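Asks: Below is a structure I'd like to ask you about.
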Amino acid sequence: MEKYKNKYNGVVKVDDTTTRNKNIIITSIIGIVTNFFLALFKAIVGFLSGSISIVLDSVNNISDVASSVITIIGTRLATKEPDKEHPFGHGRMEYLSSLIISIIILYAGFTSIIESIKKLINPGKLEYTVFSIVVVIIAVFVKIFLGLYVKSKGKQYNSSSLINSGNDALLDSVISFSTLLSALIFLLTGISLEAYLGIIISIVIIKTGIDMIRSATSSILGERVDIELIKSVKKTILSYPDVLGVYDIIFNNYGPNSYYGSVHIEIANTHSIDYVDELLRNITSEVYTKHGIVLSAIGIYSIDKTNHDVRDARKRIKKILSKYNTVLQMHGFYFNKKKKTIQFDIVISFEEINKSKLYDEIYNKIKKIYPDYDINISFDNDFSVSI
Numbered sequence: 026m027e028k029y030k031n032k033y034n035g036v037v038k039v040d041d042t043t044t045r046n047k048n049i050i051i052t053s054i055i056g057i058v059t060n061f062f063l064a065l066f067k068a069i070v071g072f073l074s075g076s077i078s079i080v081l082d083s084v085n086n087i088s089d090v091a092s093s094v095i096t097i098i099g100t101r102l103a104t105k106e107p108d109k110e111h112p113f114g115h116g117r118m119e120y121l122s123s124l125i126i127s128i129i130i131l132y133a134g135f136t137s138i139i140e141s142i143k144k145l146i147n148p149g150k151l152e153y154t155v156f157s158i159v160v161v162i163i164a165v166f167v168k169i170f171l172g173l174y175v176k177s178k179g180k181q182y183n184s185s186s187l188i189n190s191g192n193d194a195l196l197d198s199v200i201s202f203s204t205l206l207s208a209l210i211f212l213l214t215g216i217s218l219e220a221y222l223g224i225i226i227s228i229v230i231i232k233t234g235i236d237m238i239r240s241a242t243s244s245i246l247g248e249r250v251d252i253e254l255i256k257s258v259k260k261t262i263l264s265y266p267d268v269l270g271v272y273d274i275i276f277n278n279y280g281p282n283s284y285y286g287s288v289h290i291e292i293a294n295t296h297s298i299d300y301v302d303e304l305l306r307n308i309t310s311e312v313y314t315k316h317g318i319v320l321s322a323i324g325i326y327s328i329d330k331t332n333h334d335v336r337d338a339r340k341r342i343k344k345i346l347s348k349y350n351t352v353l354q355m356h357g358f359y360f361n362k363k364k365k366t367i368q369f370d371i372v373i374s375f376e377e378i379n380k381s382k383l384y385d386e387i388y389n390k391i392k393k394i395y396p397d398y399d400i401n402i403s404f405d406n407d408f409s410v411s412i
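My numbering numbers the first residue of the sequence shown as 26 and each following residue consecutively.
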């Protein structure tokens, strides 16, 4: 978990962000140097042998160099301090750099398919040598090791840009192997599969680019937070004996490992305001210390555990809700006999198609039991998976 340099609720944390960014940049530089020399050797071999697939493989390595450069730029921009226009920092620049890398890969795919079609229409003369075969063999193994290395570093430092670059390198190893196979077939049989192989390679590159764009766009739009992180935070909050429930967990991501969020907790209505204030401060501090998440707000649902009418009403309504598979959870229950008011929230699955119909059914069933009561039901989306 990334740690932070700033002070929050009396907790000072060591800054690991600099180390993370330094390692991302070092990994990217290794990728730049490796891909530059691979591209250079492949370009020479491709032009000397007349192999379009080797030339395209070389172009693909150049796109990998550009990807690594963009990763470095994105990482540097993401470390900028918060400012007036961006008070939550610039961490999402890493997602933008990942999107740009995806677009470059997609562009390389379309360029490759055009060149392959040209080669299919006007095939040239192929002249493979032992040197060209050796270069392609070396390229296959180098790309496999580079891809696994970069991808592992991407996972280690939670960098989508490095993960995308690693996946691209592994794809390149498959492309290089296909090129090698094509060369061997030509040497053994005299049959040239260059143009056809180039088209297949191009389609694979295009598909990869589209998948990566979809993934990067999803991160920018905002995805559901990892379920294990949610469980871990909930466990931390529930470790306080007076916390009876944790609900409405919403974490907003402002870059890798950078979260701001809010939760609601249920506690008994017998606690003093001073005690509740201290409880909230302790929870906020511990969640930040353990998980690096800034809780900007903690809402309170009070529970009257001594009132038989409240317990009876809660039990009846829970029984009604249990009949519906898409109703995942009820919380924030409020029952006031004097004011004749019932209020609660329910979490609805995204699989529910007709929320209006569901609301009416639930409302009418409760109204039959409590005809004189003002019933207020709030529907919540399943932001954090009801656990």
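Where is the CB? At the ideal position from N, CA and C, for every residue including glycine.
Everything numeric in this text was worked out from a predicted model, so none of it was measured.
If we call anything under 8 Å between Cβ atoms a contact, is N48 one with K178?
Replies: yes
Asks: How close, in whole Å, do the beta carbons of A194 and L171 come, if the pair is a contact with beta carbons under 8 Å?
Replies: 5 Å
Asks: Counting only the same chain and skipping the five closest in sequence on each side, list residues whose C-beta sits under 6 Å from that of K390.
Replies: Setting aside the 5 residues that flank it on each side, K390 is surrounded in the same chain by I345, each with a C-beta closer than 6 Å to its C-beta; the list follows chain order.
Asks: Taking just the CA atoms, how far does Q354 sit from E140?
Replies: 56 Å
Asks: Would Y395 pass as a contact of G357 if the rule is Cβ separation under 8 Å?
Replies: no
Asks: Nearest-angstrom Cα distance between Y313 and L305?
Replies: 12 Å
Asks: Going by the DSSP bridge assignment, what does Y272 pair with across the sheet?
Replies: H289
Asks: Look up V319 in the DSSP assignment and give the residues it is bridged to.
Replies: Y285
Asks: Determine the closest residue to K259 out of N277, Y284, I290, S240, with distance taken between C-alpha atoms.
Replies: I290 is the residue among N277, Y284, I290, S240 whose C-alpha sits nearest the C-alpha of K259.
Asks: From L205, N294, S185, I292, pick the residue whose C-alpha is nearest to that of I416; which is it?
Replies: Here the chain comprises residues numbered 26 to 412, so residue 416 is not present and cannot be evaluated.
Asks: Measuring alpha carbon to alpha carbon, tell me which residue in K109, E110, I130 is nearest L196.
Replies: I130
Asks: Helix, strand or coil for N192? Go by DSSP, reduced to three states.
Replies: helix
Asks: Keeping to the same chain, check which residues put their C-beta closer than 8 Å to that of T59; ignore five residues upstream and five downstream.
Replies: V167, L171
Asks: Could you spell out the range, first to last residue, of the alpha helix (DSSP H) harbouring G134?
Replies: 118 to 146 is the span of the alpha helix (DSSP H), which, as asked, contains G134.
Asks: May I ask you to report which of helix, strand or coil DSSP gives H333?
Replies: helix
Asks: Tell me the residue span of the beta strand (DSSP E) that contains T233.
Replies: Element bounds for T233: not the beta strand (DSSP E) but the alpha helix (DSSP H), 219 to 246.
Asks: Is DSSP giving D405 helix, strand or coil here?
Replies: DSSP, read as helix, strand or coil, puts D405 in strand.
Asks: Does the count of Cβ pairs from the region 218 to 233 and the region 94 to 114 closer than 8 Å reach three?
Replies: no
Asks: Go to D370, then tell me how far its beta strand (DSSP E) extends in each direction, as first and last residue.
Replies: 366 to 373
Asks: By DSSP, does K32 sit in helix, in strand, or in coil?
Replies: Its pLDDT being 38, under 50, K32 is placed unreliably in this model, and the coordinates cannot settle the point.
Asks: So, helix, strand or coil for S186, using DSSP?
Replies: In this structure, S186 counts as helix in the three-state DSSP scheme.
Asks: Looking only at its own chain, which residues have a Cβ that is under 6 Å from the Cβ of N401, when we skip the five neighbours before and after it?
Replies: Closer than 6 Å at the Cβ level, and outside the excluded window around N401, lie Q368.
Asks: For the alpha helix (DSSP H) holding N361, just list the boundary residues, first then last.
Replies: Segment 352 to 361 is the beta strand (DSSP E) holding N361; no alpha helix (DSSP H) there.
Asks: Below 6 Å CB to CB, which residues in the same chain sit around K19 once its five sequence neighbours on both sides are set aside?
Replies: Shown here, the chain extends from 26 to 412; a query on residue 19 therefore has no answer.
Asks: With distances taken from CA atoms, which of S201, S297, I235 is nearest F135?
Replies: Scanning S201, S297, I235 for the CA closest to the CA of F135 turns up I235.
Asks: What does a CB cutoff of less than 8 Å around K93 pick up in its chain, not counting 5 residues either side in sequence?
Replies: This sequence places Ser at residue 93; Lys is not what is there. Cβ within range, chain order: S53, I54, G56, I57, N60, S190.
Asks: Using DSSP with H/G/I as helix, E/B as strand and the rest coil, what is G172?
Replies: Residue state, collapsed to three classes: helix.
Asks: Let me confirm a value: K365 is counted as buried when at least 16 other C-beta atoms fall within 10 Å, else exposed. Which label applies?
Replies: exposed
Asks: For a test of the three-state rule: what should DSSP assign to S397, helix, strand or coil?
Replies: It should be pointed out that residue 397 corresponds to Asp in this sequence rather than to Ser. DSSP places D397 in coil when its eight states are reduced to three.
Asks: Check for me: the alpha helix (DSSP H) holding I255 runs from which residue to which?
Replies: 252 to 263
Asks: Which word fits K67, buried or exposed, when buried means at least 16 other C-beta atoms lie within 10 angstroms of its C-beta?
Replies: buried
Asks: Measuring alpha carbon to alpha carbon, tell me which residue in H316, S283, K343, G324 is nearest R117.
Replies: S283
Asks: Assign R45 to buried or exposed, taking buried as 16 or more other Cβ atoms, counted over all protein chains shown, within 10 Å of its Cβ.
Replies: By the 10 Å Cβ count, R45 comes out buried.
Asks: Compute the Euclidean distance between the alpha carbons of D40 and N147, then round it to the nearest angstrom.
Replies: Note that D40 has pLDDT 45, beneath the 50 cutoff, so the model's placement of it is unreliable and the number below is only indicative. Approximately 59 Å, taken between the alpha carbons.
Asks: Exposed or buried, what is N155 when buried is set at 16 or more other beta-carbons lying within 10 Å of its beta-carbon?
Replies: Here residue 155 turns out to be Val, not Asn, going by the sequence shown. With fewer than 16 other Cβ atoms within 10 Å, it is exposed.
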